[in-house]
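K.L.:
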Amino acid sequence: MEKRGATMQFWLVSLIILVISAAIIFIFLAKLNIIGGIDKEACETSVRLRSTLKILPGFLGEAIPIGQKYIKLKCKTEKTCLYNDKKECNNLVGDIEYIKVEDKDAINRVMADKMAECWAMMGEGKLDVFAKEITETTGKCVVCTRIDFEDALRNEIISVDGFVSYMRTHKVKGSELSYWQFITNNLADNVYTPK
Numbered sequence: 293m294e295k296r297g298a299t300m301q302f303w304l305v306s307l308i309i310l311v312i313s314a315a316i317i318f319i320f321l322a323k324l325n326i327i328g329g330i331d332k333e334a335c336e337t338s339v340r341l342r343s344t345l346k347i348l349p350g351f352l353g354e355a356i357p358i359g360q361k362y363i364k365l366k367c368k369t370e371k372t373c374l375y376n377d378k379k380e381c382n383n384l385v386g387d388i389e390y391i392k393v394e395d396k397d398a399i400n401r402v403m404a405d406k407m408a409e410c411w412a413m414m415g416e417g418k419l420d421v422f423a424k425e426i427t428e429t430t431g432k433c434v435v436c437t438r439i440d441f442e443d444a445l446r447n448e449i450i451s452v453d454g455f456v457s458y459m460r461t462h463k464v465k466g467s468e469l470s471y472w473q474f475i476t477n478n479l480a481d482n483v484y485t486p487k
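This is the structure in structure tokens:
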């Protein structure tokens with residue numbers, strides 16, 4: 293009987309060491325995040341690790357989420373400049389993605405794509421990324437993309453109309469779902485929308 297107990301103890305210690313080693317390796321790899329293309333993968337990995345890393349059952353018998361407390365999100369805000377004539381967005385600095393747009397439909401497409409990309413990267417609302425406090429009444433968010441317009445385009449378009457309509461009637465790339473269905477987890481009919 294003592295041999296069986298020693299074997300169980302060995303495997304439990306080995307499992308704990310494995311989890312700690314994996315966390316250390318992840319943190320080390322996240323620090324090496326040099327290339328911009330890796331940013332999205334690092335963000336998605338940190339979201340998944342943060343929401344799923346738990347330790348053995350606590351006082352009430354449920355696994356205790358420790359990822360939310362000890363793992364930082366590695367999500368970098370992208371900066372996107374929509375332009376028609378000149379690649380100039382005075383409100384953005386640093387590494388900027390420039391996208392040429394011709395009309396309001398193209399603007400709606402870029403904004404819907406960025407929104408869907410962020411939703412997917414953050415776990416589509418299915419992961420517990422942030423710790424829940426008993427007294428908390430406000431939500432938390434991550435700003436995935438800041439979108440700005442070149443001055444000439446901003447003056448020409450003034451406002452982006454029909455964004456909700458665009459999201460309801462256009463499909464996400466590679467999916468049968470509309471942007472609206474994707475972002476509302478296919479509960480589009482039960483979600484309030486402004487008229």
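Offset between the sequence shown (1-based) and our numbering: plus 292.
All C-beta atoms in this analysis are idealised placements derived from N, C-alpha and C, irrespective of residue type, glycine included.
No experiment lies behind these values; they were computed from the predicted model shown.
1. Consult DSSP for ILE312 and reduce its assignment to one of helix, strand or coil.
2. Please work out which residues of its chain come closer than 6 Å, Cβ to Cβ, to MET459, disregarding the five sequence neighbours upstream and downstream, and give them in chain order.
3. To which residues does DSSP link CYS373 through a beta bridge?
4. What's the call for SER451, buried or exposed, on a 16-neighbour Cβ count within 10 Å?
5. DSSP on LYS432, reduced to helix/strand/coil?
6. Please classify SER489: does DSSP put it in a helix, a strand, or coil?
7. For LEU365 versus SER338, is the C-beta distance shorter than 8 Å?
8. Determine the closest residue to ILE439 out of ILE391, MET414 and PHE455, with distance taken between C-alpha atoms.
P.N.:
A quick look at the data gives this:
1. Position 20 of the sequence shown, counted from the start, is the residue given in the question as residue 312. If DSSP states are grouped into helix, strand and coil, ILE312 belongs with the helices.
2. Counting from 1 along the sequence shown, the entry for residue 459 is found at position 167. Result list for MET459: ALA404, TYR471 and TRP472, in chain order.
3. Translated into the one-based positions of the sequence shown, residue 373 becomes position 81. DSSP output for CYS373 lists TYR390 and ASP440 as bridge partner(s).
4. On the sequence shown, residue 451 is found 159 positions in, with the first residue counted as 1. Counting the other Cβ atoms within 10 Å of the Cβ of SER451 gives fewer than 16, which makes it exposed.
5. As a first step, residue 432 is located in the sequence shown; it is residue number 140 there, counting from the start. DSSP places LYS432 in coil when its eight states are reduced to three.
6. The first residue shown for the chain is 293 and the last is 487, placing residue 489 beyond what the model contains.
7. Mapped onto the sequence shown, residue 365 falls at position 73. Mapped onto the sequence shown, residue 338 falls at position 46. Closer than 8 Å, so yes.
8. Looking up residue 439 in the sequence shown gives position 147. It is ILE391 whose Cα lies nearest to the Cα of ILE439.
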